[in-house]
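Q:
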Amino acid sequence: MQHYPKSIRELIRGLSKLPGVGEKTAERLAIHILRNSLNDAEALAHSIVSVKQKIRLCAKCYGLSDDELCDICRDHSRDETLLCVVEQPADMIALEKSCAFKGLYHILGGSLAPMEGVGPGDLRLRELLERIGPQGVKEVILATGTSVEGEATAAYIAQQLADRNVRVSRIASGVPVGGDLKYIDQMTLKCALDGRHAL
Ligand SMILES: [Zn+2]
0 MQHYPKSIRE
10 LIRGLSKLPG
20 VGEKTAERLA
30 IHILRNSLND
40 AEALAHSIVS
50 VKQKIRLCAK
60 CYGLSDDELC
70 DICRDHSRDE
80 TLLCVVEQPA
90 DMIALEKSCA
100 FKGLYHILGG
110 SLAPMEGVGP
120 GDLRLRELLE
130 RIGPQGVKEV
140 ILATGTSVEG
150 EATAAYIAQQ
160 LADRNVRVSR
170 IASGVPVGGD
180 LKYIDQMTLK
190 CALDGRHAL
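Residue 10 in numbering that gives the first Met the number 0 sits at position 11 of the sequence shown, with consecutive numbering throughout.
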């Protein structure tokens with residue numbers, strides 16, 4: 000890397016800080032940028048700066064948004080009676096990619112992790128409780144992860160919502176689509192059996 004001029008070295012150093020990009024990949028990307036037109040380079044630089052300047056959290060669901068409310072919260076064709084609770088914006092995007100959910104979301108901003116000092120006050124739980132009631136939510140789907148923290152968070156929220164006039168459900172966990180039973184871990188198989196449904 001020391002053989003490159005300083006400006007290229009700086010670009011390689013910057014790119015190699017990206018997750019999953021080692022020095023070799025960073026070098027290849029830098030050369031690619033160098034070979035592309037100035038227009039392409041400016042568009043890339045602009046989109047990087049723009050994402051930092053424009054993106055904020057949606058005032059309603061706390062997902063990523065260009066405006067005060069995100070596209071999902073502004074979409075009146077979505078079912079406002081269904082509220083899906085997830086840990087992070089990326090979880091919401093994953094669910095959206097599945098095209099399986101047409102309700103609204105609430106992003107907690109993490110999961111309960113007492114060992115790491117993350118308690119209920121560090122998550123957007125108060126904001127969640129405030130959304131139940133005035134907005135006509137009939138069902139809250141707890142789609143936090145299936146880690147110990149994710150399960151604890153789901154259990155805590157279920158407890159908080161117990162005296163509210165709202166149905167509380169938990170996403171199922173078990174055998175992945177196309178999965179071969181003999182390669183699946185015991186815990187997942189147990190979850191799949193516990194969560195079985197009648198045909
Ligand atoms: Zn939103």
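Heads up, the beta-carbon is just placed ideally off N, CA and C, and yes, glycines get one too.
Taking 7 Å as the cut-off, does the CB of GLY178 come closer than this to any heavy atom belonging to ligand 1?
A: No, the beta carbon of GLY178 sits no closer than 7 Å to any heavy atom of ligand 1.
Q: Check this for me: beta carbons of GLY116 and GLU86, under 8 Å apart or not?
A: no
Q: I want to check one thing, is the minimum distance from the CB of GLY102 to the heavy atoms of ligand 1 below 7 Å?
A: no
Q: Given the structure, does GLY108 come close to ligand 1, in the sense that its CB is under 7 Å from one of the ligand's heavy atoms?
A: GLY108: no, Cβ never under 7 Å from ligand 1.
Q: Compute the Euclidean distance between the alpha carbons of SER36 and ALA191, then round it to the nearest angstrom.
A: 53 Å
Q: Taking 8 Å as the threshold, find out whether the stretch 131–141 comes into contact with the stretch 164–171 through three or more Cβ pairs.
A: yes
Q: Below 8 Å, how does it come out for the stretch 96–112 and the stretch 58–69: are there three or more Cβ pairs, yes or no?
A: yes
Q: Here's a check: name, in chain order, each residue in its chain whose Cβ is nearer than 8 Å to the Cβ of ASP121, leaving out the five neighbours to either side.
A: GLY108, GLY109
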